[in-house]
Amino acid sequence: MNSNSGYNGLFDPMLAPGRTLDFAQQGLSNKTVGNPFSEKAKMSVRNLNVYYDNKQAIHDVSLDIKRNEVMAMIGPSGCGKSTFLRCLNRMNDTLDNCRVEGEVTLDEHNIYDRKQDVVPLRARVGIVFQKPNPFPKSIYENVAYGPKVHGLVSRRAQLDEIVEDSLRKASLWDEVKDRLFSPGTGLSGGQQQRLCIARTIAVSPEVILMDEPCSALDPIATARIEELMAELSQNFTIAIVTHSMQQAARVSNRTAYFHMGRLIEVNDTRRVFTNPEHELTEAYITGRFG
Amino acid sequence: MQYIGYKGNELTYMETPTLIIITLLCATGAYILGRNRASNIAYRAGKKNVLHSLPYYYGVLSALWCVLPCLFIVLAWNLLDDYVVHTAIVKLLPGSVQALPDSEIELMVNTVINNALYPNALIGSNPPDYILQAGQDYLRWQQLSQLSLTVVVLISLGLAFSLGWLWIKPKVHARQQVERVFQWFLLFCASIAVVTTIGIVLSVLFESLRFFQSVNLFDFIFGTHWSPQTALRIDQVGASGAFGAVPLFLGTLLISFIAMLVAVPAGLMSAIYLSEYASPRFRATVKPILEILAGIPSVVYGFFAALTVAPFIRDVGDLLGLDVSSESALAAGLVMGVMIIPYVSSLSDDVIKAVPQSLRDGSLGLGATQSETIKLVVIPAALPGIVSGILLAASRAIGETMIVVMAAGLAAHLTVNPLESVTTITVQIVTLLVGDQEFDSPKTLSAFALGLMLFIVTLILNYVALYVVRHYREEYE
Ligand SMILES: Nc1ncnc2c1ncn2[C@@H]1O[C@H](COP(=O)(O)OP(=O)(O)O)[C@@H](O)[C@H]1O
Ligand SMILES: [Mg+2]
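As given, the protein sequences belong to chains F and Z, one line each in that order. Per the numbering used here, the first sequence starts with residue 1235, numbered consecutively. Per the numbering used here, the second sequence starts with residue 171, numbered consecutively.
So, in structure tokens, the structure goes:
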């Protein structure tokens, strides 16, 4: 692990609003400030390094995600938020040029273990993407997809039950109950995203990863999803990437700030937005870069 | 007898190609002048935006003013010319000739024209005076017509040129006018294809109707015996001709079915492998090779089928104690199947590649395996494209002739046994029309009827496939 030495320049009193932030490009430390660790971790990441081809996208990140918390990840675009999130259910395995080093545990079990099968892992750690991506099938088929693939049900009645339950949890049921068999792609953007959430819920995951789930949606649809997240956090552990600091402030318990592949600061959300510990965090939330 | 070939030196005129070239030259000039005039107007006005459109459009508009009327005149003149001259010649011929039936008058007119154009060609013959006289008149009219065409075109060129020149005013919406002309031009081009298609269909239809006047429609569609030899003389025996098309349809279906049995799984699987599993390098090497298969001429496949595959199948059949004829539907079908693999694989590969990665991610993110994702998400999303690839391959199989001629034989057996020799619709059309044929014998006309049936079958096939695709399509944006 690098030492803290390269950092000194960052605490330059000259850093005032409007000054160029060239310093942000130099000598970053891999040390995270705040409290990234926790006793009751649902998932823990230790010394994670991720490379695309030979370019390193994540530098030595360690972080715990607590059971039933909503963890927000913010940071300038290209800082590695999505990359980090995708490591949590091994979605990066689908990319040929991506290499992951380090340890990620789910309930104390390393998911990068050689013996770990990604199929059950992804059923336990679901993911919702930036752009709503419902399958070009009926609403019902979209939600039933996961349970069918995992063979969770044997009877149609059970499947109906899961579909209804998931749609209710995604607060979409009332809007679609009369047209379950019309195409999911015919819904509005916000409804499509809730359908994707319902689809993820249907396989009863323990953790739900969300990668900028509202960035393609209008403010009203966004508000509905944010409401939904608050409800979901009662049953699920949620990690959400967002580019909206207001959103992070509204929905999350803790916030992690990423910068150029480093995890700079992790703290309670209120703390991060009122009294950030780190210069870079402060620069970011006060809008000096993003 | 006064008889001299007419020399064109008394009256000077221009040939049609010369006229067209002059018109085009004028158009070029008009373009340049028109553009300059427009620029000058704009320059003199000194303000911006005096002109409604860019100077370029005024130039194009002037050129169009030149080209379109003249081209129209030349075309129309040449079309009408023949007809008018023809009628005039007929009027000149003596009443006894005019009383003859139409086809003989036609012959007479041709004699007149030929005599006039090539006076020394028929030395031995001694045409009657009235023919020579008519020939002279024909030549004179011909010249007169061409001369007046020249005059008319030149006058209208001048007129159009100056009108086009005057037309250039700042307020003229040159851009819209030019766009409209191009729109009509495009429509004209598009209609060429449509009109040709309709023409072909109608001609096939009418010839088929003639065929069905001598052969019963039901005998043709449901008859099980095909031997199209008709008697050339009334007293000939044993050659009445039988036009039952069922063996041909069955043969076509059998061979196409075998071919599809080979091509669809092989093509689809290779498309899936190439687009979902193969490394980019492997894909970049293999895909072009696969596409070369489509470029091999079918006659090469044909002799491959006839000389290699058919004997091989026969030998294997002998080993197994089966009775295999040396030309078999199986051999033709297998080779044809290989030939159409690229039609299936190349198109399928493209549409599979076009399925958005986000759908795959969605499925993988739910814990589906790669093969489940392909089976449940990718293929259904790509289905319309895959079906159209398969359709293309099917129509290629149905229309393929060469391989069948060489490897499956010509005998119209009524069988679904792939080990026997069969024949197809296209092969029969070829054999019906090869060599000298009497154009209105049922034997020849039956080719049109077969063509019509083939056309209808493919049409239905297309329609059904379209319906299926529309019904089961899974749309993604
Ligand atoms: N598939 C990929 N191949 C190569 N480089 C990638 C790929 N995905 C992301 N990157 C690079 O990794 C870095 C982090 O990207 P990402 O995690 O998408 O950032 P964020 O989500 O924070 O905007 C970026 O520099 C990006 O260019
Ligand atoms: Mg991202």
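All residues carry an ideal CB built from backbone N, CA and C; glycine is no exception. Remember, predicted model here, so these are calculated numbers, not experimental data.
* To do: Determine the extent of the alpha helix (DSSP H) in which Z:H696 is found, giving its start and end residues.
  => For residue 696 of chain Z there is no data in the structure shown, the boundaries of chain Z being 171 and 647.
* Determine the contact status of Z:A344 and Z:Y308, defining contact as a CB-CB distance below 8 Å. => Taking 8 Å as the Cβ cut-off, Z:A344 and Z:Y308 do not qualify as a contacting pair.
* Give me whichever residues DSSP pairs with F:A1275 in a beta bridge. => In the DSSP output, where bridge partners are listed per residue, F:A1275 has F:K1300.
* Asked: Is the Cβ of F:H1384 closer than 8 Å to any Cβ of chain Z?
  -> Interface residue, yes.
* Asked: Is any heavy atom in ligand 1 found nearer than 7 Å to the beta carbon of F:S1311?
  -> Flag set: Cβ of F:S1311 near ligand 1.
* To do: Compare the C-beta of Z:S528 against all C-beta atoms of chain F and say whether one is closer than 8 Å.
  => Output row for Z:S528: interface = yes.
* To do: Just tell me which of Z:I510, Z:F413, Z:I522 has its CA closest to the CA of Z:Y443.
  => For Z:Y443, the nearest C-alpha among the options comes from Z:I522.
* Is any heavy atom of ligand 1 found at a distance shorter than 7 Å from the C-beta of F:T1317? -> F:T1317 Cβ: within cutoff of ligand 1.
* Asked: Under the criterion of a Cβ to heavy atom distance below 7 Å, does F:L1262 qualify as lining ligand 1?
  -> F:L1262 Cβ: outside cutoff for every heavy atom of ligand 1.
* Asked: Does the pairing of the segment 553 to 566 of chain Z with the segment 618 to 637 of chain Z give three or more beta-carbon distances under 8 Å?
  -> Below 8 Å, enough C-beta pairs join the segment 553 to 566 of chain Z and the segment 618 to 637 of chain Z to call them touching: three or more.
* To do: State whether the segment 307 to 323 of chain Z contacts the segment 215 to 227 of chain Z, with contact taken as three or more CB pairs (one from each stretch) at a distance under 8 Å.
  => By the Cβ test, the segment 307 to 323 of chain Z is not in contact with the segment 215 to 227 of chain Z, since fewer than three Cβ pairs between them sit closer than 8 Å.
* Heavy atom of ligand 1 within 7 Å of F:A1291 beta-carbon -> Indeed, a heavy atom of ligand 1 lies less than 7 Å from the Cβ.
* Asked: Does the separation of the CB atoms of F:V1279 and F:V1295 fall below 8 Å?
  -> The answer is yes: Cβ separation under 8 Å.
* What do you get for Z:W354, buried or exposed, if any count of 16 or more other CB atoms within 10 angstroms of its CB means buried? -> Burial call: exposed.
* **In DSSP terms, what F:Y1491 is bridged to** => In the DSSP output, where bridge partners are listed per residue, F:Y1491 has F:I1308, F:E1499.
* Z:T455 touches chain F at which residues, Cβ-Cβ below 7 Å? -> Simply none; closest approach about 17 Å.
* Return the chain-ordered ranges of every beta strand (DSSP E) run that is complete within the segment 1321 to 1394 of chain F and spans a minimum of 3 residues. => DSSP runs (the beta strand (DSSP E)) wholly in the segment 1321 to 1394 of chain F: 1332 to 1340, 1359 to 1362.
* DSSP-derived helix/strand/coil call for F:H1293 -> When DSSP states are grouped into helix, strand and coil, F:H1293 belongs to the strand group.
* Are the C-beta of F:N1367 and some C-beta of chain Z separated by less than 8 Å? -> Yes, its Cβ sits closer than 8 Å to a Cβ of chain Z.
* To do: Mind checking who F:G1268 pairs with in its DSSP beta bridge?
  => Answer is F:V1500.
* To do: Report yes if the C-beta distance between Z:L622 and Z:V416 is below 8 Å; otherwise report no.
  => A distance of 8 Å or more separates the beta carbons of Z:L622 and Z:V416.
* Backbone secondary structure at F:D1256 - three-state DSSP -> A caution first: F:D1256 carries a pLDDT of 49, below 50, which makes its placement in the model unreliable, though a value can still be read off. DSSP places F:D1256 in helix when its eight states are reduced to three.
* Asked: If the cut is a Cβ gap below 9 Å, which residues of chain Z does F:A1450 touch?
  -> Close partners of F:A1450 in chain Z (Cβ separation under 9 Å) are lacking, with about 11 Å as the shortest Cβ gap.
* Whole runs of the beta strand (DSSP E) within the segment 1382 to 1454 of chain F, excluding any shorter than 3 residues -> The beta strand (DSSP E) runs lying completely inside the segment 1382 to 1454 of chain F and spanning 3 residues or more are 1441 to 1445, given in chain order.
* To do: Please state if the CB of Z:A552 and the CB of Z:V525 are separated by a distance shorter than 8 Å.
  => Cβ atoms of Z:V525 and Z:A552: closer than 8 Å.
* For F:Y1286, is the beta carbon positioned less than 7 Å from some heavy atom of ligand 1? -> Distance from the C-beta of F:Y1286 to the nearest heavy atom of ligand 1 is below 7 Å.
* Asked: Exposed or buried, Z:L329, counting other C-beta atoms within 10 Å across all chains shown (16 or more means buried)?
  -> It counts as exposed.
* To do: Give the DSSP-derived three-state secondary structure of Z:N206 in the structure shown.
  => Looking at Z:N206 - three-state DSSP - the assignment turns out to be helix.
* To do: For the segment 613 to 631 of chain Z and the segment 592 to 599 of chain Z, state whether three or more C-beta atom pairs, one from each stretch, are separated by less than 8 Å.
  => By the C-beta criterion, the segment 613 to 631 of chain Z is judged to be in contact with the segment 592 to 599 of chain Z, since at least 3 inter-stretch pairs fall below 8 Å.
* How about Z:P263 and Z:Y300: do their beta carbons lie closer than 8 Å? -> With the sequence shown as reference, residue 263 of chain Z is identified as Leu, and Pro is not the correct amino acid for it. For the pair Z:L263 and Z:Y300, the CB atoms are nearer than the 8 Å cut-off.
* Are the C-beta of F:M1325 and some C-beta of chain Z separated by less than 8 Å? -> Yes, F:M1325 counts as interfacial toward chain Z.
* Asked: When you compare each of Z:K341, Z:L231, Z:L270 to Z:S332 by their alpha carbons, which one comes out closest?
  -> If we check each option's Cα against that of Z:S332, Z:L231 comes out closest.
* Since F:P1354 meets chain Z, which of its residues come closer than 9 Å, beta carbon to beta carbon? -> For F:P1354, the C-beta contacts it makes with chain Z under 9 Å involve G537, in order along the chain.
* To do: Give me the Cβ distance between F:S1400 and F:V1377, rounded to the nearest whole Å; I'm assuming they're in contact under 8 Å.
  => Sure, about 5 Å apart at Cβ, within 8 Å.
* Asked: Is the distance from the Cβ of F:C1430 to the Cβ of F:P1366 below 8 Å?
  -> For F:C1430 and F:P1366, yes; Cβs fall inside 8 Å.
* Helix, strand or coil for F:S1316, going by three-state DSSP, please let me know. => Helix, per DSSP.
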